[in-house]
Amino acid sequence: MIEIHLLMLLITVIIGLIFSYLAIIEKDSLKAIGFSAVHAIAYAIAFYILMAPDIVLAYVAVAVGIYSALLIFVVSKTERYEVV
Amino acid sequence: MSEILFYLGAVMITIGGICDLFGALGLLKFPNFYIRLHAATVGTIGGAVVPLFGVGFLALGADFLPHKYAIAGASFVTGIIVLLAAPAGSHALAYAAHKTKIVKWEPKCDHLEVEE
Amino acid sequence: MKRLVPLIILLITIFGLAYYITPKLPQQTELRPLGEFYLKNSYFGDYSAKSPEVVTSILWDYRGLDTLFETSVFFIAIIGSLTLFRLNKKQEEEAKQKAEEFRIGLTLIIKSVTRVIVVMILAVSASIALHGHLTPGGGFQGGSALAVAPLLIIAAYSKYALEEHGLDKTRALIFRSIGLLGIALVALVPLLSGGFLMQNQPIFPAKLGGQLVSGSLIYYNFFEFLAVGAGFTAVFLLLAIPEKVFKKFLRREANE
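Residue numbers (our numbering), protein chains in the order written: chain A, 1 to 84; chain B, 1 to 116; chain C, 1 to 256.
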């Protein structure tokens, strides 16, 4: 039984890693915010498998809802595309 | 009774899997944003709400589960919330995309455009 | 394709590390003495917090001062963002006026679904916060869930709808201050009856009217819930002021 949980943990953490990488290299800020929200969902599932429901409750609300919304407000006040 | 619930739940979960497959295919193949949004909604309603109700029926029918009413209630409530929120979300996306005119498409008739 | 090369290198490194290092790490087979103490004493025992939820009893009782300073750090961050967006009285009144080309929110479908979901969010966040001493959850979790409700209203209706119904920035700041003051007072009450700062048992009653309230934990959770939710709401209300309005204020100040 523990092997299934460890496998689920591995998959969710790798999904989170891939999406955080995509969020870092993305030039379009709105898309990057979307990637960061997906990363937050994957990590919330990982925290749930690691038996930390307190962290999950705070993490989902802050990282998916509030953090994304704050960044969208900031993007709407500045520029959408990142110019290097 | 429990056998009926078991088969009902299993059929609903299978329908959910098929809907998810079709939604993913549609997201890849459909031509423009609005039709892709339709495929995404097939993925959320058919692929998330229906299997959630299926899990609820399956848990109600399983006599060996210790917390069967808790599992069934949680999945029904989650299903109802997704059923409320997902169509409203895709409607908001389509409305905003139409308002900002960023989608390239050739409609036969556009009632929302005519109204304004 | 070139962009994926670093990702593949990263994944290979992580798999290699997991494969070679994980078997060599020592396995933890028993509880550490400190953890065992918390598990044994959080509800039963001599140094009890009378709370079946161990995490909350550690957060607000055994390690209460840590959480107090954590809360103060969070509020310093909120004060910083309020300072960035500060406006004087006249400008605040002007920011409440709707712009000329203001369109009324989104469609009826979204508005009615939002109305239902906001009520659900309020109920769920209150239950997370007020059951914090019984089930996983607590003040911060409940407060951050509460802050999603005004966010949804701002997105579906507008910030003016919130202000017309009486929840403007000043009210949100007042609620936040009530929450902070409550936390400070509950922390100071044990000193009056000869206890330590932030002591829980046996100064606060563990049961009120037959219900388990776990001494001071429910008060801390409630005030933290109020303070976090209202603090986030104040920041959202300030951020939702359109950029045009701020530009207008800045131009006027530059002219004067």
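Note that beta-carbon positions come from the ideal geometry of N, C-alpha and C, so glycine has one too.
| Check | Outcome |
| --- | --- |
| Are the beta-carbon atoms of C/D46 and C/L217 separated by less than 8 Å? | no |
| Apply the 10 Å Cβ neighbour rule to C/A147 and answer buried if 16 or more other Cβ atoms are within range, or exposed otherwise. | buried |
| Beta-carbon separation of C/F232 and C/A129 under 8 Å? | no |
| Quick one: Cα of B/A88 to Cα of A/Y21, how far? | 30 Å |
| Measuring CB to CB, does C/G215 end up less than 8 Å from C/K40? | no |
| Just curious, the alpha helix (DSSP H) that C/P190 is in, first and last residue? | K169 to L192 |
| Please state whether the Cβ-Cβ distance between B/G54 and B/G16 is less than 8 Å. | yes |
| Give the secondary structure of B/K104 by DSSP, where H, G and I count as helix, E and B as strand, and everything else as coil. | coil |
| Note the first and the last residue of the continuous alpha helix (DSSP H) segment covering C/N41. | P33 to N41 |
| Within the chosen definition, does the region 227-247 of chain C reach the region 162-169 of chain C through at least 3 CB pairs nearer than 8 Å? | yes |
| How many angstroms separate the CA atom of C/L184 from the CA atom of C/N200? | The question names Leu, yet the displayed sequence has Ala at residue 184 of chain C. Those two C-alpha atoms are separated by around 14 Å. |
| Quick check: what's the CA-CA separation for C/L59 versus C/I203? | 18 Å |
| How many angstroms separate the CA atom of B/F30 from the CA atom of B/R36? | 6 Å |
| Do we get a CB-CB distance below 8 Å when we pair B/A94 with the residues of chain C? | no |
| So, helix, strand or coil for A/K31, using DSSP? | helix |
| Use the C-beta contact count for C/V73: other C-beta atoms within 10 angstroms, 16 or more gives buried, fewer gives exposed. | exposed |
| Measure the alpha-carbon distance for C/T135 versus C/V54 and round it to whole angstroms. | 9 Å |
| Determine, using beta carbons only, whether C/G194 comes closer than 8 Å to chain A. | no |
| Would you call the CB atoms of A/D54 and C/Q141 closer than 8 Å? | yes |
| A/I25 touches chain C at which residues, Cβ-Cβ below 7 Å? | R3 |
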